[in-house]
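Undergrad:
Residue numbers (the working numbering), protein chains in the order written: chain A, 59 to 646; chain B, 12 to 288.
1. Counting beta carbon pairs with one atom in the region 557-576 of chain A and one in the region 633-643 of chain A, are three or more of them shorter than 8 Å?
2. Residues of chain A with CB under 8 Å from residue 208/B, in chain order?
3. Tell me the rounded alpha-carbon separation between residue 181/B and residue 485/A.
4. Which partner residues does residue 160/A have in the DSSP bridge list?
5. Mind pulling the alpha helix (DSSP H) runs of 4 or more residues that sit fully within the region 394-460 of chain A?
6. Would you mind sorting residue 615/A into buried or exposed? The rule is 16 or more other CB atoms within 10 Å of its CB.
7. Label residue 230/A either buried or exposed according to how many other C-beta atoms from any shown protein chain fall within 10 Å of its C-beta, with 16 as the threshold for buried.
8. Would you say residue 83/B faces chain A, with C-beta separation under 8 Å as the test?
9. Residue 101/B touches chain A at which residues, Cβ-Cβ below 8 Å?
10. Output, in chain order, the set of chain B residues within a Cβ distance shorter than 9 Å of residue 559/A.
11. Just verifying my parser: in three-state terms, what is the DSSP assignment at residue 114/B?
12. If I measure Cβ to Cβ from residue 383/A and keep anything under 6 Å in the same chain, skipping five residues before and after, which residues do I get?
13. Since residue 277/A meets chain B, which of its residues come closer than 9 Å, beta carbon to beta carbon?
14. I'd like to know if residue 90/B contacts chain A, where contact means its C-beta is closer than 8 Å to some C-beta of that chain.
15. Here's the rule: buried if 16 or more other CB atoms are within 10 angstroms of the residue's CB, otherwise exposed. What is residue 495/A?
16. Whole angstroms is fine: what's the gap from residue 253/B's alpha carbon to residue 155/B's?
17. If we ignore side chains and look at the alpha-carbon of each, how far apart do residue 99/B and residue 102/A end up?
18. Could you give the C-beta distance for residue 135/A and residue 73/A, rounded to a whole number, given that I count them as a contact under 8 Å?
19. So for residue 34/A, helix, strand or coil by DSSP?
20. Report the option in 607/A, 174/A, 345/A and 286/A whose CA atom is closest to the CA atom of residue 431/A.
21. Determine which residues of the region 64-96 of chain A have a Cβ less than 7 Å from any Cβ of chain B, and write them out in chain order.
22. With 16 as the cutoff for other CB atoms within 10 Å, does residue 222/B come out buried or exposed?
23. Considering only DSSP beta bridges, list what residue 478/A is partnered with.
24. Across the region 154-161 of chain A and the region 89-106 of chain A, are there enough close Cβ pairs to call them in contact, namely three or more that are closer than 8 Å?
25. What is the residue span of the alpha helix (DSSP H) that residue 643/A lies within?
26. Quick one: what does DSSP say residue 548/A is sitting in, helix, strand or coil?
27. Please confirm whether residue 77/B has its beta-carbon closer than 8 Å to some beta-carbon of chain A.
28. Tell me, please, whether the CB atom of residue 416/A is closer than 8 Å to any CB atom in chain B?
29. Taking the continuous alpha helix (DSSP H) assigned at residue 141/B, which residues delimit it?
30. Mind checking residue 14/B: buried by the 16 CB within 10 Å criterion, or exposed?
31. Can at least three beta-carbon pairs, one atom from the region 390-405 of chain A and one from the region 315-330 of chain A, be found at a separation below 8 Å?
32. What does a CB cutoff of less than 6 Å around residue 339/A pick up in its chain, not counting 5 residues either side in sequence?
33. Listed from N- to C-terminal order along the chain, which residues in the region 36-60 of chain B have their beta-carbon within a distance smaller than 7 Å of any beta-carbon of chain A?
34. Alpha carbon to alpha carbon, how far is residue 645/A from residue 535/A? Give it in angstroms, no decimals.
35. Which residues of the region 281-295 of chain A have a Cβ closer than 7 Å to any Cβ of chain B? Give them in chain order.
36. Does residue 473/A come within less than 8 Å of chain B when only Cβ atoms are used?
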């Protein structure tokens with residue numbers, strides 16, 4: 059049944075899953091494999107698929123390893139290792155196996171369910187439980203990790219060194235047992251006559267990092283100058299806040315746990331009014347609660363950054379899984395005309411850059427910035443090249459005590475940005491207000507004051523120089539000068555679009571990519587220049603209603619023929635689906 | 012509480028030239044006067060004081076002073092104030108609110124502000140009515156008070172802010188009548204000086220929608236007993252008095268919230284080590 063080992067040539071990317079019921083350790087096994095692969099010089103990404111249960115539900119570690127940096131999952135799995143089959147029906151649809159893929163189960167748990175096996179998939183039985191049981195304190199998930207080591211060709215010493223550091227607190231014996239389990243697993247993988255070996259990795263230039271999107275957002279924020287955070291826990295954003303709590307303390311900042319999201323955003327506004335760059339992080343339901351106060355921050359011109367790690371919506375939706383459907387509320391949620399910033403990271407690694415940039419933008423323009431991350435970025439862990447520290451740091455234009463000069467907090471300036479007085483500054487006293495106000499901040503219902511202040515707030519955002527960070531504009535280099543297709547997308551789907559472009563280039567299909575990092579304001583001139591000359595545009599997004607497509611259409615007339623590929627979560631749109639859309643279009 | 016030297020300040024130094032929106036005879040005028048007198052007595056320079064408020068007649072007060080102010084959204088003033096004080100512990104922060112803003116839409120924040128015990132002062136001007144929206148019952152309104160929105164009265168039991176503050180962990184609890192300038196001034200001074208979260212409820216009549224509240228002038232009376240540091244005793248006393256006892260009713264000894272932002276400059280690069288593999 060097994061194909062000959064020699065027929066499996068080394069590949070540049072493999073995708074596998076380790077599954078088990080919650081508490082079985084599947085996620086731990088995936089995490090240590092990813093880290094070991096990073097140590098060995100490979101790149102990789104791991105996402106997790108978990109149910110809503112805290113324990114006892116399904117848990118799957120989805121791990122992709124590659125010789126090159128990867129920003130997304132692939133769609134078909136090379137192998138799947140099941141510590142047990144409990145709740146397998148819940149994740150079966152999410153992890154289709156490749157035609158020559160391999161499923162390894164424990165004979166004690168019976169055959170793999172039909173939903174997993176499909177047609178033409180190889181099955182193998184390894185008695186993980188029994189093998190683990192042969193060692194005191196042995197665990198099946200470490201046997202599973204060993205199997206993955208054997209199948210991928212990952213040097214075992216990389217894995218054992220990760221285990222040694224992870225289990226350092228549990229004593230020598232635990233480390234030894236863990237390593238022994240891995241050896242046993244690896245040995246049994248060798249008996250399978252099946253291999254998914256990866257090519258030898260290239261050497262790292264600057265050293266590698268292992269980081270999640272939620273951690274990267276936090277680090278980017280602190281690099282940008284954030285020193286205050288207000289927190290209310292919500293899936294899948296909680297890790298941003300849990301990372302920030304000790305991190306802020308270390309850099310002299312503080313995090314306050316709030317009683318709800320209404321409080322957390324107002325705490326952030328209060329702290330920022332006091333001069334400290336401030337942040338909060340949430341997901342859709344929390345953002346909905348924060349929207350009124352976002353308008354306050356816009357009107358009172360107080361910079362804050364709100365991280366929204368999107369999940370399936372509306373209402374409670376699917377808390378543990380991804381979607382891009384908070385786009386509308388982020389752009390349009392506020393009542394009244396409340397210009398603010400909406401930005402979106404384009405990959406897990408880009409969470410760092412985009413969060414840092416968001417702090418810079420918010421502070422420079424004294425307005426709220428919403429960062430639209432999502433579960434697929436936030437809870438994915440990646441191996442990346444150590445990122446450079448970009449120069450973006452918070453620089454707020456401040457009022458300095460100038461003697462007898464009369465201070466107008468909301469002075470109408472050319473740029474729209476007015477110097478802000480921080481409490482403690484003599485002569486700068488004013489009352490920040492959500493009421494329409496005069497240049498001094500005094501409440502007013504006059505036509506002129508309202509108009510002048512609305513104009514100024516609009517101007518500071520519309521006229522700002524966003525440089526070339528507003529979008530990723532790329533071309534796959536195929537088909538000479540003629541570009542056949544343009545993919546328009548935003549945020550987390552950029553990785554899948556990029557990967558689709560690479561495979562299309564192999565087939566000689568020229569593709570341009572325009573992926574928006576800056577969603578609002580919409581830079582119409584720059585956007586139209588970027589899509590200029592496009593013959594066929596494919597708009598790609600992870601929403602049911604096509605929010606992004608509608609937003610583009612509302613802001614400009616797209617050139618050429620436009621098609622729209624969209625669907626809600628939780629099943630992520632993958633690179634092969636995008637390339638297939640384009641291949642089919644080309645044939646039609 | 013911040014240590015302050017008596018400065019060369021008079022109450023007038025804390026007043027702005029903005030004309031209040033309040034009706035003639037509104038109790039809030041008296042609160043403004045007592046507040047500015049208290050700040051002068053505290054000796055806090057106007058630029059080192061921040062007044063934070065929500066929405067409603069009383070929440071208009073920051074702009075009528077010469078301090079830094081924040082007139083935010085309805086009900087969230089305590090959160091604004093908490094963020095400000097944690098970020099800037101050097102400032103004297105007072106949160107100024109009303110019974111609708113503080114006990115209805117902002118009720119949850121009240122409980123947690125008491126628990127959190129951040130060193131700031133919460134002044135609620137209680138007139139037992141929504142004045143700005145022209146006369147609807149608030150959480151402290153009597154159950155039989157007739158109005159267009161609740162004809163014949165709400166029939167609901169009034170909210171008891173002082174007892175709730177005590178039960179939630181407030182470190183200082185007092186009641187005052189706006190017309191008693193001396194008493195209110197003294198209590199605000201003491202509230203600001205007391206460490207942790209200090210709550211001062213000021214009975215402040217709405218002469219337009221609750222003209223009956225003019226009688227508070229004769230109904231209120233200074234508490235005949237000393238403030239206690241025993242919350243159970245304080246609660247019993249507040250629950251059994253006539254609702255018009257004024258003065259400091261409780262002084263607690265709880266440790267104030269102590270995690271603040273500092274001015275330390277630390278390179279965030281120290282946070283990056285955990286990611287290297």
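Yeah, the Cβ is synthetic: ideal placement off N, Cα and C, and Gly gets one too.
TA: By the coordinates alone:
1. Counting Cβ pairs under 8 Å, three or more are found: they touch.
2. Here residue 208/B refers to the residue found at position 197 of the second chain. Going along chain A, no residue has its Cβ under 8 Å from residue 208/B, so there is no contact; the nearest lies around 14 Å.
3. Reading the second chain from its first residue, position 170 is the one you call residue 181/B. Reading the first chain from its first residue, position 427 is the one you call residue 485/A. Each residue's alpha carbon lies about 34 Å from the other.
4. Locating residue 160/A in the first chain gives position 102, where the first residue counts as 1. According to DSSP, residue 160/A bridges with 137/A and 180/A.
5. For the region 394-460 of chain A, the continuous alpha helix (DSSP H) assignments of 4+ residues that do not extend past its boundaries occur at 408-423 and 433-436, in sequence order.
6. Here residue 615/A is taken as the residue at index 557 of the first chain, counted from 1. That one is exposed.
7. Working through the first chain from its first residue, we reach residue 230/A at position 172. The Cβ neighbour count for residue 230/A, taken over all protein chains shown within 10 Å, is under 16; the residue is labelled exposed.
8. Locating residue 83/B in the second chain gives position 72, where the first residue counts as 1. True, the Cβ-Cβ gap to chain A drops below 8 Å.
9. Taking the first residue of the second chain as 1, we reach residue 101/B at position 90. The contacting residues are 482.
10. Working through the first chain from its first residue, we reach residue 559/A at position 501. Under the 9 Å cutoff, chain B gives no residues; its nearest Cβ is about 28 Å from residue 559/A.
11. As a position in the second chain, residue 114/B is number 103, starting the count at 1. DSSP, reduced to helix, strand and coil, places residue 114/B within a helical segment of the structure shown.
12. For this step, residue 383/A is matched to residue 325 along the first chain. Closer than 6 Å at Cβ, skipping near neighbours: 371 and 601.
13. Here residue 277/A corresponds to residue number 219 of the first chain, with the count starting at 1. Result: 279, 282, 283 and 286.
14. The count along the second chain starts at 1 and reaches residue 90/B at position 79. Yes, residue 90/B counts as interfacial toward chain A.
15. Numbered from 1 along the first chain, position 437 holds the residue referred to as residue 495/A. Burial of residue 495/A is indicated by the presence of at least 16 other C-beta atoms within 10 angstroms of its C-beta.
16. Start at 1 with the first residue of the second chain, and residue 253/B comes out as number 242. Start at 1 with the first residue of the second chain, and residue 155/B comes out as number 144. Going by the C-alpha atoms only, they are around 18 Å apart.
17. Your numbering for residue 99/B matches position 88 in the second chain. Your numbering for residue 102/A matches position 44 in the first chain. Approximately 43 Å, taken between the alpha carbons.
18. Locating residue 135/A in the first chain gives position 77, where the first residue counts as 1. Locating residue 73/A in the first chain gives position 15, where the first residue counts as 1. Yes, residue 135/A and residue 73/A are in contact; Cβ-Cβ is about 5 Å, under 8 Å.
19. As shown, chain A starts at 59 and ends at 646. That puts residue 34/A outside it, with no answer to give.
20. Looking up residue 431/A in the first chain gives position 373. The candidate whose alpha carbon is nearest that of residue 431/A is 345/A.
21. Listed in sequence order: 93 and 96.
22. To locate residue 222/B, count along the second chain from 1; it is residue 211. Exposure of residue 222/B is indicated by the presence of fewer than 16 other C-beta atoms within 10 angstroms of its C-beta.
23. Residue numbering aside, residue 478/A sits at position 420 when the first chain is read from its first letter. Under DSSP, the beta-bridge partners assigned to residue 478/A are 456/A.
24. The region 154-161 of chain A and the region 89-106 of chain A do not touch, with fewer than 3 CB-CB distances between them shorter than 8 Å.
25. Taking the first residue of the first chain as 1, we reach residue 643/A at position 585. According to the DSSP assignment, residue 643/A belongs to the alpha helix (DSSP H) that extends over 633-645.
26. Locating residue 548/A in the first chain gives position 490, counting from the first residue. Three-state result, residue 548/A: strand.
27. The residue given as residue 77/B occupies position 66 in the second chain. Answer yes: the Cβ-Cβ gap between residue 77/B and chain A drops below 8 Å somewhere.
28. Along the first chain, one-based indexing puts residue 416/A at 358. With 8 Å as the cut-off, residue 416/A does not count as an interface residue toward chain B.
29. Translated into the one-based positions of the second chain, residue 141/B becomes position 130. For residue 141/B, there is no enclosing alpha helix (DSSP H), as DSSP marks it with neither H nor E.
30. Sequence index remark: in the second chain, residue 14/B carries index 3 (1-based). For residue 14/B, the pLDDT reaches just 49, beneath the cut-off of 50, and the residue's location in the model is therefore unreliable, although a value from the coordinates is still provided. With fewer than 16 neighbouring CB atoms inside 10 Å of its own CB, residue 14/B falls in the exposed class.
31. Flag = no, the region 390-405 of chain A and the region 315-330 of chain A do not touch.
32. Residue mapping note: residue 339/A aligns to position 281 of the first chain, counting from 1. By the criterion of a C-beta distance shorter than 6 Å, residue 339/A is surrounded in its chain by 295, 298, 299 and 365, once the five residues flanking it on both sides are discounted.
33. Taking 7 Å as the Cβ-Cβ cut-off against chain A, the residues of the region 36-60 of chain B that qualify are 57, 58 and 59.
34. If you number the first chain from 1, residue 535/A lands on position 477. If you number the first chain from 1, residue 645/A lands on position 587. Counting only the Cα atoms, residue 645/A lies some 20 Å from residue 535/A.
35. Answer set for the region 281-295 of chain A: 281, 285, 286 and 288.
36. As a position in the first chain, residue 473/A is number 415, starting the count at 1. With 8 Å as the cut-off, residue 473/A does not count as an interface residue toward chain B.
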